[in-house]
Amino acid sequence: MAHSTNVDPNTPLEYQSEIGKLNIFGFWVFLGAEVALFATIFATFFVLESGTVGGPLPSEVFDLKNTIIMTLLLLISSFTSGLSINELRRRNVKGMMVWLVITLLFGAGFLYMEITEFLHLIHEGAAMGTNAYWSSFYLLTGTHGLHVSLGMLWIILVMFQVKRQGLNPDTAKKLFVSSLYWHFLDFVWIFVFTSVYLLGMVG
Amino acid sequence: MFDFIKDNLILNDPLIIGANISIVFTVIGIVATLTYFKKWKWLWNDWITSVDHKKIGIMYIIAALIMLFRGGVDALLMRAQLTVPNNEFLSSQHYNEIFTTHGTIMILFMAMPFLLGLMNVVVPLQIGARDVAFPFLNNLSFWSFMFGAILFNMSFVFGGSPDAGWTNYAPLAIEGSPGPGINYYLLGLQISGIGTLLTGINFVVTIIKMRAPGMTLLRMPMFTWTTLITAFIIVFAFPILTVTLALMTFDRLFGTHFFTLTAGGNPMLWSNLFWLWGHPEVYIVILPAFGIFSEIIATFARKTLFGYKSMIISLVAISGLSFVVWVHHFFTMGGSAAVNSVFSISTMAIAIPTGIKIFNWLGTLYKGRIEFTVAMMWSVAFIPTFLIGGVTGVMLGMAAADFQYHNNYFLVAHFHYTLIAGVVFACFAGFVYWYPKMFGHKMNERIGKWAFWFFSIGFNVCFLPQFVLGFSGMPRRVYTYGPEDGWTALNVISSVGAFGMGVGFMIIVYNVYYSYRFAKRELSGDAWDGRTLEWATSSAIPPHYNFAHVPEVKSADAFYYMKQERKESGKPEKVEYKPIHMPSNAGTPFIMSGLFFVGGFGLVFELWWMAILALIGIFGCMAYRSLFSHKQDAGYYVSVEEIEKTENPYKREA
Chain S
144 MAHSTNVDPN
154 TPLEYQSEIG
164 KLNIFGFWVF
174 LGAEVALFAT
184 IFATFFVLES
194 GTVGGPLPSE
204 VFDLKNTIIM
214 TLLLLISSFT
224 SGLSINELRR
234 RNVKGMMVWL
244 VITLLFGAGF
254 LYMEITEFLH
264 LIHEGAAMGT
274 NAYWSSFYLL
284 TGTHGLHVSL
294 GMLWIILVMF
304 QVKRQGLNPD
314 TAKKLFVSSL
324 YWHFLDFVWI
334 FVFTSVYLLG
344 MVG
Chain E
1280 MFDFIKDNLI
1290 LNDPLIIGAN
1300 ISIVFTVIGI
1310 VATLTYFKKW
1320 KWLWNDWITS
1330 VDHKKIGIMY
1340 IIAALIMLFR
1350 GGVDALLMRA
1360 QLTVPNNEFL
1370 SSQHYNEIFT
1380 THGTIMILFM
1390 AMPFLLGLMN
1400 VVVPLQIGAR
1410 DVAFPFLNNL
1420 SFWSFMFGAI
1430 LFNMSFVFGG
1440 SPDAGWTNYA
1450 PLAIEGSPGP
1460 GINYYLLGLQ
1470 ISGIGTLLTG
1480 INFVVTIIKM
1490 RAPGMTLLRM
1500 PMFTWTTLIT
1510 AFIIVFAFPI
1520 LTVTLALMTF
1530 DRLFGTHFFT
1540 LTAGGNPMLW
1550 SNLFWLWGHP
1560 EVYIVILPAF
1570 GIFSEIIATF
1580 ARKTLFGYKS
1590 MIISLVAISG
1600 LSFVVWVHHF
1610 FTMGGSAAVN
1620 SVFSISTMAI
1630 AIPTGIKIFN
1640 WLGTLYKGRI
1650 EFTVAMMWSV
1660 AFIPTFLIGG
1670 VTGVMLGMAA
1680 ADFQYHNNYF
1690 LVAHFHYTLI
1700 AGVVFACFAG
1710 FVYWYPKMFG
1720 HKMNERIGKW
1730 AFWFFSIGFN
1740 VCFLPQFVLG
1750 FSGMPRRVYT
1760 YGPEDGWTAL
1770 NVISSVGAFG
1780 MGVGFMIIVY
1790 NVYYSYRFAK
1800 RELSGDAWDG
1810 RTLEWATSSA
1820 IPPHYNFAHV
1830 PEVKSADAFY
1840 YMKQERKESG
1850 KPEKVEYKPI
1860 HMPSNAGTPF
1870 IMSGLFFVGG
1880 FGLVFELWWM
1890 AILALIGIFG
1900 CMAYRSLFSH
1910 KQDAGYYVSV
1920 EEIEKTENPY
1930 KREA
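Protein chains in written order, with this note's numbering: chain S, 144 to 346; chain E, 1280 to 1933.
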């Protein structure tokens, strides 16, 4: 049943269709799998942390000020993504779109800084093929960065659909799910920031 | 382009040339038949793009049987090579390739899809659902599995097979194996792994959210329970495989150093990560097998499953423990005594919940009115044979003793006793048991019993001697041995047994043909006087919407009690039909999985342009899906008239 009739109008729009409920629950399960994925990558990173032979030490090349700005950009984008869902609940398409654009801009800022950081590191002699530490560094941050880029493309695609179809249980579900994804990336980044950059500065 | 093909097509081995020729003829044969009978459209509309869980299940099972054939031929070639000492039938390199593909195919492309196929056919019916939660995704799961399998299987005719064992340990698989073989392994598994992960998510959601009214968690049939637990293990274990394969792919293709010792990497990281996925994987294939046996034993002992709740508790316990035993695969790694002790104890702890299950089945059989159908014979044979596998597993689990058993034939015999007596017996049992549900007629019982005796006796003759071979020191994965080793007699016996298993398999295949021609067609949906909802459908092969009216569940063994109730009350009550909403077919998954195949192939041979084009195509498919999902998921309604037309012929007086 694609759209069940007589639903409680107080139910959030994204939960009003059967398929919406299934998709949102399924997405939570998918996020569980993503946790397992990132956990494995973190484990790999910690195992290979001491493999710094033949390359610069992380504490020599990390620029903590840069990373703190990146962290703030992503944290704020998560907050604005939450605000866009708030506007969705109020059925205010315009406000929602504005917050989504702001979210995307913060995300783009984050990505820009991450790419410049990578270029800087490579310039300093810390590339993917330098040693095991840098291999796992790029694996971890790169997987996260790839997720962020895909998330941005996805949000743009969903915004396009909202523009065309307006708000309905289907588009609301997509907005909601993509914002869950965005929050998840923020959550992962907190661990990246702490265990890669902060510990890397001390270690 | 021509040079590329000429360099990689394998033409120097008579066995492989034979395979090449037979592949060409089979493909020509299939294409010609489809064209002659004008069946292309039927193939596309009724099967390839179908989102019907029953059809997807059948496709999984057909693929699994073909892979069982391929893996079985590998096994027979190995046995042929090992029958006599100093044999020159296969070269060492060829032997390496064969045991690698045998292991990989049997676990990932035979056992998994066979069980996923049975789950697909049965689970939605057992919980009274129309289909799985995400039918589109289900189709994508199947095709990405299938294209991953094709990519992997292509290796032996084009470019050379992987040759580092199914465990593919570093550094052998990196520095020790140039050529595309290992790339095939990494990418074939990666692509089919995506499909498995999606299936895991699909079944978690299906079972938790789509059960018929009244079916509480503790009223679910045991096979559904095992599927749920398995799906959870898949969700948490397969991402580990994804990462592990990616690490080695990067090492081989992009020059990273995850496993290079000299650049700070660690080869043991592969072993740990591989088994961190690999051990849960063992339970991913064995738990559904337990579920199948539970259903069959309860049905043919005519009793409710004994100790239902203890069974569920032990299932959950096993699923948890499965993630904390991985080091027992390499006690010889050089970890400390403390590390080995911890994993030794956790390994032995698994024997407790598994032992509970043995008593569950024995308790169900006790005082039951046992009917020895073929499915039941597989199930009853499973209990003692699997027990041998389990007990030898505990022997291997003792870290100190394991230094003696490590990588010799004792181990080989052990895991074949668990995987064949556990999983393969279950696949055959489930295949026979649910055959009428899939094809509308039973398999011939007499021929089935011949197959059973050939296969199960052959199995024991093949693998019991291998325990002894292990004790006399025969290492695993050697391609030959000398007459002075004294292993000849037992190896001859073992090969005879393997041949018996081959005969058993051929009889099963013949039985499919024989039963198709001659078996009596089932008139009702209840072929075995079953106890669970999949037997409650109006016709033998359920209509595409499964149930015209979703049944209401009042107890465990729901259908059994419904039948009791119906007997007492006389006539079944009249139900009013309502239009049923069904999902529509989807072609995108097939195209997208095809692109995965193309991209995977590009990466295997480092043809970057091909990989990049395929990747763009995959993103295109995803964007297309996102933009049009509201139309694709709209589906259609089956009208009341159509339901009546389908259902009425099956209405009989009670």
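Ideal Cβ placement from N, Cα and C applies to all residues, glycine included. Everything numeric in this text was worked out from a predicted model, so none of it was measured.
Taking the alpha-carbon positions, what's the residue i to residue j distance?
i                 : j                 : result
Ser322 (chain S)  : Tyr1448 (chain E) : 40 Å
Leu1313 (chain E) : Thr1305 (chain E) : 12 Å
Leu1416 (chain E) : Phe168 (chain S)  : 15 Å
Phe1502 (chain E) : Pro1567 (chain E) : 6 Å
Gly1570 (chain E) : Thr195 (chain S)  : 49 Å
Glu1367 (chain E) : Ile1453 (chain E) : 28 Å
Gly1881 (chain E) : Trp1887 (chain E) : 6 Å
Ser1274 (chain E) : Pro1364 (chain E) : Chain E is shown from 1280 up to 1933; residue 1274 (chain E) falls before or after that span and cannot be answered.
Val172 (chain S)  : Val1484 (chain E) : 8 Å
Glu1574 (chain E) : Ile1565 (chain E) : 15 Å
Asn1551 (chain E) : His1685 (chain E) : 16 Å
Thr1816 (chain E) : Ile1335 (chain E) : 19 Å
Gly1676 (chain E) : Ala1630 (chain E) : 10 Å
Ile1563 (chain E) : Ile1591 (chain E) : 15 Å
Phe1517 (chain E) : Ile1870 (chain E) : 23 Å
Phe1797 (chain E) : Asn1790 (chain E) : 10 Å
Gly1809 (chain E) : Leu300 (chain S)  : 49 Å
Glu1926 (chain E) : Ile1307 (chain E) : 41 Å
Val1788 (chain E) : Asn1739 (chain E) : 21 Å
Thr223 (chain S)  : Leu174 (chain S)  : 21 Å
Judging by CA-CA distance, which residue of the options is the nearest neighbour of residue i?
i                 : options                                    : result
Asn1619 (chain E) : E:Ala1679, E:Ile1340, E:Gly1479, E:Gly1809 : E:Ala1679
Ala1596 (chain E) : E:Ala1443, E:Phe1876, E:Thr1509            : E:Thr1509
Phe1579 (chain E) : E:Met1655, E:Ile1461, E:Asn1399, E:Phe1533 : E:Met1655
Val1402 (chain E) : E:Val1747, E:Gly1350, E:Asp1331, E:Ile1922 : E:Asp1331
Gly309 (chain S)  : S:Lys208, S:Leu156, S:Val150, S:Pro152     : S:Leu156
Ile245 (chain S)  : S:Ser202, S:Ala275, S:Met302               : S:Met302
Ser1598 (chain E) : E:Ile1512, E:Ala1577, E:Phe1537            : E:Ile1512
Phe1393 (chain E) : E:Phe1537, E:Ala1708, E:Thr1446, E:Asn1686 : E:Ala1708
Ala1700 (chain E) : E:Glu1724, E:Ala1730, E:Gly1474, E:Ala1660 : E:Ala1660
Tyr1645 (chain E) : E:Thr1697, E:Phe1694, E:Arg1581            : E:Arg1581
Gly1647 (chain E) : E:Phe1585, E:Ser1625, E:Ala1343, E:Ala1408 : E:Phe1585
Leu180 (chain S)  : S:Thr214, S:Leu342, S:Leu283               : S:Leu283
Phe1746 (chain E) : E:Gly1668, E:Trp1713, E:His1823, E:Met1780 : E:Gly1668
Gly1493 (chain E) : E:Gln1911, E:Val1832, E:Glu1920            : E:Val1832
His266 (chain S)  : S:Lys208, S:Gly198, S:His287               : S:Gly198
Quick one: what's got a C-beta closer than 6 Å to residue i's C-beta in the same chain, skipping five residues either side?
i                 : result
Gly1467 (chain E) : Gly1427, Leu1430, Phe1431
Phe1811 (chain E) : The identity of residue 1811 (chain E) in the sequence shown is Thr, whereas the question assumes Phe. Excluding residues within five positions, the ones whose Cβ falls inside 6 Å are Gln1405, Pro1500, Phe1838.
Gln1469 (chain E) : Leu1524
Leu217 (chain S)  : Phe253, Asp329, Trp332
Arg1904 (chain E) : Thr1867
Asp1530 (chain E) : Ile1453, Phe1537, Phe1538
Apart from the five residues just before and just after residue i, which ones in its own chain have a Cβ nearer than 7 Å to its Cβ?
i                 : result
Ser292 (chain S)  : Leu254
Gly1614 (chain E) : Val1606
Ile1480 (chain E) : Val1514
Leu1477 (chain E) : Leu1416, Leu1419, Ser1420
Quick check on residue i: does DSSP put it in helix, strand or coil?
i                 : result
Pro1450 (chain E) : coil
His1720 (chain E) : strand
Pro1632 (chain E) : helix
Asn1934 (chain E) : Outside the shown range of chain E (1280 to 1933) lies residue 1934 (chain E), about which nothing can therefore be said.
Pro155 (chain S)  : coil
Arg1648 (chain E) : coil
Residues in its own chain within less than 8 Å of residue i by CB, not counting five upstream and five downstream?
i                 : result
Asn1291 (chain E) : none
Val1436 (chain E) : Leu1288, Ile1289, Ile1295, Ala1298, Asn1299, Ile1302
Phe1784 (chain E) : Leu1347, Phe1348, Gly1351, Ala1730, Phe1734
Residue i touches chain A at which residues, Cβ-Cβ below 8 Å?
i                 : result
Lys1488 (chain E) : As a matter of chain content, chain A is missing from the structure shown, whose protein chains are S and E.
Please confirm whether any heavy atom of the ligand MG lies closer than 6 Å to the CB of residue i.
i                 : result
Val1411 (chain E) : You won't find the ligand MG in this model; it holds no ligand whatsoever.
Handout entry: 3 or more residues per run - each beta strand (DSSP E) lying fully within the region 1844-1916 of chain E
Key = You should have 1859-1861.
Problem - Complete alpha helix (DSSP H) runs within the region 1385-1417 of chain E (minimum length 4 residues, chain order) - result: Listed in chain order, the complete alpha helix (DSSP H) runs (minimum 4 residues) inside the region 1385-1417 of chain E are 1391-1405.
Problem - Segments assigned alpha helix (DSSP H), at least 4 residues, entirely inside the region 1480-1536 of chain E - result: Those alpha helix (DSSP H) runs which fall completely within the region 1480-1536 of chain E and span 4+ residues are 1501-1533.
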